[in-house]
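All residue numbers for the sequence shown refer to the UniProt record's numbering, where the first residue is 1 and numbers rise by one. First the structure, in the form of structure tokens, and then the observations on it.
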Amino acid sequence: MITKANKNKARLKRHLRVRKKIEGTSARPRLNVFRSSKHIYAQLIDDVQGVTLAAASTMDKELREEIKNGGGVEAARKVGELIAKRAKAQGHDNVVFDRGGYLYHGRIQALAEAAREAGLEF
């Protein structure tokens, strides 16, 4: 049986393997996703300068009132819409999607599809 610690180790290995290949720039930042059991977080990162350009999560004041469960698929959709809105406000239409070693399923997929529907291209 695989333990929680081993599952996370495997995810981190996948994430590092992918991170070798993708890099966010000022013109096309990296949309990074982190998922915990209670919340989901998304950041737009410029890896060249090492700065976060925009961020959104289920802990944001804008979303806290709307969302009852921060760890659900519906919450991930709202975070995807919010990060896309903030990215477009800064003039970033194209991004590189970094799923953080997670499977493209469930909350990760919901966040990505909502961001695409809100106007981000990746």
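Glycine included, every Cβ here is placed at the ideal spot set by N, Cα and C.
Inter-residue distance for E121 and K4 is about 33 angstroms (C-alpha atoms, whole angstroms).
Taking the CA atoms as reference points, Q109 sits about 20 angstroms from H92. The beta carbons of V79 and R30 sit no closer together than 7 angstroms. Cβ-Cβ distances below 8 angstroms link A118 to G80, E81, A84, K85, K88 in the same chain, with the five nearest sequence neighbours on each side left out; the list follows chain order. Per DSSP, N32 is one residue of the beta strand (DSSP E) stretching across 30–35. Beyond the five residues adjoining it in sequence on each side, K38 comes within less than 6 angstroms, by CB distance, of G70, G71 in the same chain, given in chain order. Boundaries of the beta strand (DSSP E) around V51: 51–57. For L120, there is no enclosing alpha helix (DSSP H), as DSSP marks it with neither H nor E. Residue state for I83 is assigned as helix, using DSSP reduced to three classes.
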